[in-house]
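**Q** Sharing a structure below in structure tokens format, with a few things to ask.
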Amino acid sequence: MDEKLTERQELVLKNIRDFYLDNGHAPSLTELQLMLNISTKRGVVNHLEALEKKGYIIRTSEPRGIKIVEDKIGEEVYEYLVGIPILGYANAGTPIALAEENHIGILQVDKKILKNSKDLFALIISGDSMNQRQIGEQLLKEGSYLIVKKNSEFTSGDVVVAIVDGCATVKNIKKEKEMVILYPQSSNSIHRPIYLDSKSDSIINGKVIKVLSNPVVN
6 MDEKLTERQE LVLKNIRDFY LDNGHAPSLT ELQLMLNIST KRGVVNHLEA
56 LEKKGYIIRT SEPRGIKIVE DKIGEEVYEY LVGIPILGYA NAGTPIALAE
106 ENHIGILQVD KKILKNSKDL FALIISGDSM NQRQIGEQLL KEGSYLIVKK
156 NSEFTSGDVV VAIVDGCATV KNIKKEKEMV ILYPQSSNSI HRPIYLDSKS
206 DSIINGKVIK VLSNPVVN
């Protein structure tokens, strides 16, 4: 059996691998059809069958059930990575930047590092109001990445991303009967707590579950 890939099959395999890298899971048939500009799903299946016969992938009956065979390509299997969208900057200071999703890239993280990879997004820390707070072994230093879980339950003492007057900030949180306090933990004494009425329109956008250092800036 000829295990050498045709040029078209190499393109299909590359698209599958790149999709794993960007998203942490395999593409669907529809997504592959669009990426490869193939007119029918049957055409996509034909390519997948050829890759499977040559030992480059394994298909299962599960949704997105394409697994890359590591020893055939001699590279890291991207199914073990999860792609976390970087949505902008978390202001570790006065919340002056508008809370807009910018989608400035994808952060690739091994699934073993994160217990649950659902409903996550990443932000880059800007400012020093939380530079003495530590999650795990990492300080919330400027330039580091925050991994945030959307709509997660939180308690006093957790680190959260909050939207205050349409602007985003990252702070410790303390819940009291009639108010919510967002407070810094910094070596810079200029920073002060933010006091919010418990019924205010401010939004807690997510709980920070992990901090990843950024070797480019740290």
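Letter by letter, the sequence shown follows residues 6 to 223 of the numbering used here. Idealized CB from N, CA, C, for every residue including glycine. Because the structure is a prediction, the values reported are computed rather than measured.
1. Would you grab the beta carbon distance between L112 and I140 for me? Rounded to a whole angstrom, and I think it's under 8 Å.
2. Buried or exposed: which applies to M63, given that a residue is buried once 16 or more other Cβ atoms fall within 10 Å of its Cβ?
3. Would you tell me roughly how many angstroms separate the C-alpha atoms of H196 and G132, rounded to the nearest one?
4. Buried or exposed: P68, going by 16 or more other Cβ atoms within 10 Å of its Cβ?
5. Let me know the secondary structure DSSP gives R197 once reduced to three states.
6. Can you tell me whether N177 is helix, strand or coil according to DSSP?
7. In terms of alpha-carbon separation, which member of A95, S149, L53 and N28 lies closest to V169?
8. Which of helix, strand or coil does DSSP assign to N42?
9. Just to confirm, is the Cβ distance from L56 to Y150 under 8 Å?
10. Measure the C-alpha to C-alpha separation of E1 and S192 and round it to an integer number of angstroms.
11. Please tell me whether V165 and K212 are closer than 8 Å, where the distance is taken between their beta carbons.
12. At 3 residues or longer, and completely inside the segment 87-168: list those beta strand (DSSP E) runs for me, N to C.
13. Grouping DSSP H, G and I as helix and E and B as strand, with all else coil, what is D170?
14. Could you tell me the distance, in whole angstroms, from the CA atom of T35 to the CA atom of I21?
15. Taking 7 Å as the limit between beta carbons, can you name the residues of its chain near Q38, skipping five residues before and five after?
16. From K120 to K182, what distance separates their C-alpha atoms?
17. Taking D124 as the reference, which of V114, M135, A97 and I89 has the closest Cα?
18. What is the DSSP secondary structure of S203, reduced to helix, strand or coil?
**A** According to the data block:
1. Position 107 of the sequence shown holds residue 112. Position 135 of the sequence shown holds residue 140. No, L112 and I140 are not in contact; Cβ-Cβ is about 16 Å, not under 8 Å.
2. The residue you call residue 63 lines up with position 58 of the sequence shown. Just to set this straight, residue 63 is Ile in the shown sequence, not Met. It is exposed - the Cβ of I63 has fewer than 16 other Cβ atoms within 10 Å.
3. Locating residue 196 in the sequence shown gives position 191, counting from the first residue. Locating residue 132 in the sequence shown gives position 127, counting from the first residue. One C-alpha to the other measures close to 10 Å.
4. Within the sequence shown, the letter at position 63 stands for residue 68. P68 comes out exposed.
5. Residue 197 sits at position 192 when you count from the first residue of the sequence shown. Coil, per DSSP.
6. Residue 177 sits at position 172 when you count from the first residue of the sequence shown. N177: strand per DSSP, three-state reduction.
7. One-based indexing of the sequence shown puts residue 169 at position 164. Here the closest residue by C-alpha is A95.
8. Position 37 of the sequence shown holds residue 42. Correct three-state label for N42: coil.
9. Taking the first residue of the sequence shown as position 1, residue 56 is located at position 51. Taking the first residue of the sequence shown as position 1, residue 150 is located at position 145. For the 8 Å CB-CB criterion, L56 and Y150 do not form a contact.
10. Absent from the structure is residue 1, since the part of the chain shown begins at 6 and ends at 223.
11. For the purposes of this step, residue 165 is taken as residue 160 along the sequence shown, with counting starting at 1. For the purposes of this step, residue 212 is taken as residue 207 along the sequence shown, with counting starting at 1. Contact: yes.
12. 110-115, 125-131 and 150-155
13. Position 165 of the sequence shown, counted from the start, is the residue given in the question as residue 170. D170: coil per DSSP, three-state reduction.
14. Here residue 35 refers to the residue found at position 30 when the sequence shown is read from its first residue. Here residue 21 refers to the residue found at position 16 when the sequence shown is read from its first residue. Looking at the two C-alpha atoms, the distance is approximately 12 Å.
15. Your numbering for residue 38 matches position 33 in the sequence shown. Closer than 7 Å at the Cβ level, and outside the excluded window around Q38, lie K46 and V49.
16. Residue mapping note: residue 120 aligns to position 115 of the sequence shown, counting from 1. Residue mapping note: residue 182 aligns to position 177 of the sequence shown, counting from 1. Rounded to whole angstroms, K120 to K182 spans 32 Å at the Cα level.
17. The count along the sequence shown starts at 1 and reaches residue 124 at position 119. Comparing Cα-Cα distances from D124 to each of V114, M135, A97 and I89, the minimum goes to I89.
18. Here residue 203 refers to the residue found at position 198 when the sequence shown is read from its first residue. If DSSP states are grouped into helix, strand and coil, S203 belongs with coil.
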